[in-house]
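Trainee: Okay, so the sequence shown: first residue is 94 according to this note's numbering, each after it adds one.
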Amino acid sequence: MTVRDPGSMGHAKPMILIVEDEVSLVTLLRYNLEKEGYRVAEAGDGEEALTLVAERKPDLMLLDWMLPSLSGIEVCRQLRRKPATRDMPIIMLTARGEEGDKIRGLNTGADDYLTKPFSLPELMARVRALLRRAQPVPQKGMLSWGDIVMDLAAHRVTRADRPIHLGPTEFRLLQFFMQHPGMVFSREELLDAVWGPDIYVEPRTVDVHIRRLRKALNCDNESDIIRTVRAAGYALDAESAA
Numbered sequence: 094m095t096v097r098d099p100g101s102m103g104h105a106k107p108m109i110l111i112v113e114d115e116v117s118l119v120t121l122l123r124y125n126l127e128k129e130g131y132r133v134a135e136a137g138d139g140e141e142a143l144t145l146v147a148e149r150k151p152d153l154m155l156l157d158w159m160l161p162s163l164s165g166i167e168v169c170r171q172l173r174r175k176p177a178t179r180d181m182p183i184i185m186l187t188a189r190g191e192e193g194d195k196i197r198g199l200n201t202g203a204d205d206y207l208t209k210p211f212s213l214p215e216l217m218a219r220v221r222a223l224l225r226r227a228q229p230v231p232q233k234g235m236l237s238w239g240d241i242v243m244d245l246a247a248h249r250v251t252r253a254d255r256p257i258h259l260g261p262t263e264f265r266l267l268q269f270f271m272q273h274p275g276m277v278f279s280r281e282e283l284l285d286a287v288w289g290p291d292i293y294v295e296p297r298t299v300d301v302h303i304r305r306l307r308k309a310l311n312c313d314n315e316s317d318i319i320r321t322v323r324a325a326g327y328a329l330d331a332e333s334a335a
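#1: Among all the DSSP beta bridges, which residues are the ones paired with Leu186?
#2: Rounded to a whole number of angstroms, what is the C-alpha to C-alpha distance between Ile319 and Met235?
#3: Let's test the definition: count the other Cβ atoms within 10 Å of the Cβ of Gly165 and tell me whether it reaches 16, buried, or not, exposed.
#4: Would you list the residues sitting across from Leu110 in a DSSP beta bridge?
#5: Taking 8 Å as the cut-off, does the segment 109–123 touch the segment 154–162 (at least 3 CB pairs, one atom from each stretch)?
#6: With a 10 Å radius around its C-beta and 16 neighbouring C-beta atoms as the bar for buried, classify His258 as buried or exposed.
#7: Report the option in Phe270, Pro214 and Pro107 whose CA atom is closest to the CA atom of Val133.
#8: Which residues mark the beginning and the end of the beta strand (DSSP E) in which Thr178 is found?
#9: Within 10 angstroms of its Cβ, does Val116 collect 16 or more other Cβ (buried), or is it exposed?
#10: Nearest to Ala222 by alpha carbon, out of Val294, Arg305 and Pro210?
#11: Hey, would you say Arg226 sits closer than 8 Å to Pro176, going by beta carbons?
#12: Do Val277 and Val322 count as a contact pair if the criterion is CB distance below 8 Å?
#13: From the DSSP output, in three-state form, read off Arg149 for me.
#14: Can you list, in chain order, the residues of its chain whose CB lies under 7 Å from that of Val299, leaving out five sequence neighbours each side?
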């Protein structure tokens, strides 16, 4: 893996893996990411990307949808099956701009989605936001709701004493709900609270992460504690916690 480190050896900067076969775009992305202080590695196809990640997991991946040998969708799917890379932040880059394609990319496990051509400042903002969510500020204390317990310091969640594996966004979603039980929040309010007001994310993205959270929490057929309120949003269901 070829990595250039613009920072000092003391505190390693986040490393970003660019998986893209368009050489000119790779050059542009590398230049701007290194200018922001990130370390950068690159892979030209899906197979190489999986090999590099196995050798050294990056802090974030910029993943093209259309790749030689193995598509970005399949790369994302394989990474999400492995415990070591289940929570690795992935931003999918693609020329496919239809809403159905975006939802498919997010459902496969991507954390964010940008359609080419995209704004570099917007990409950098999304990279920063995802890295913040993946490396949250340490907090102390425990939250509990029904049979769900959240350890903020250890960044762990259990339900009925069973470990629940959540990505960084799903963890923050559940934390927000558990801090405001019974309250109904619109998609826009959840975006501001969990993603942050400084980054634009499509409201439908919230639905995808809610589905991921429900799937993780309900994998043993437990009651669904996330209530969908028609035309309003979502809430932590007080009845199921009683």
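By construction, the Cβ of each residue, glycine as well, lies at the ideal position given by its N, Cα and C atoms.
Mentor: Short version:
#1: Taking the sequence shown and counting its residues from 1, the one referred to as residue 186 is at position 93. According to DSSP, Leu186 bridges with Asp157 and Leu207.
#2: What you label residue 319 is simply residue 226 of the sequence shown in a count that begins at 1. What you label residue 235 is simply residue 142 of the sequence shown in a count that begins at 1. The straight-line gap from Cα to Cα measures roughly 20 Å.
#3: The residue given as residue 165 occupies position 72 in the sequence shown. That one is buried.
#4: Taking the first residue of the sequence shown as 1, we reach residue 110 at position 17. Bridge partners of Leu110: Ala134 and Met154.
#5: yes
#6: Counting from 1 along the sequence shown, the entry for residue 258 is found at position 165. Answer is exposed; the Cβ neighbour count stays below 16.
#7: Residue mapping note: residue 133 aligns to position 40 of the sequence shown, counting from 1. Among Phe270, Pro214 and Pro107, the Cα nearest to that of Val133 belongs to Pro107.
#8: In the sequence shown, counting from the first residue as 1, residue 178 sits at position 85. Looking at the DSSP string, Thr178 is not in any beta strand (DSSP E), and its letter there is neither H nor E.
#9: In the sequence shown, the residue the question calls residue 116 occupies position 23. Exposed.
#10: Translated into the one-based positions of the sequence shown, residue 222 becomes position 129. Comparing alpha carbon positions, the residue from Val294, Arg305 and Pro210 closest to Ala222 is Val294.
#11: Mapped onto the sequence shown, residue 226 falls at position 133. Mapped onto the sequence shown, residue 176 falls at position 83. Contact: no.
#12: As a first step, residue 322 must be located in the sequence shown, where it is residue number 229. As a first step, residue 277 must be located in the sequence shown, where it is residue number 184. Cβ distance < 8 Å, so Val322 and Val277 count as in contact.
#13: What you label residue 149 is simply residue 56 of the sequence shown in a count that begins at 1. Residue state, collapsed to three classes: coil.
#14: The residue you call residue 299 lines up with position 206 of the sequence shown. By the criterion of a C-beta distance shorter than 7 Å, Val299 is surrounded in its chain by Arg280, Leu283 and Leu284, once the five residues flanking it on both sides are discounted.
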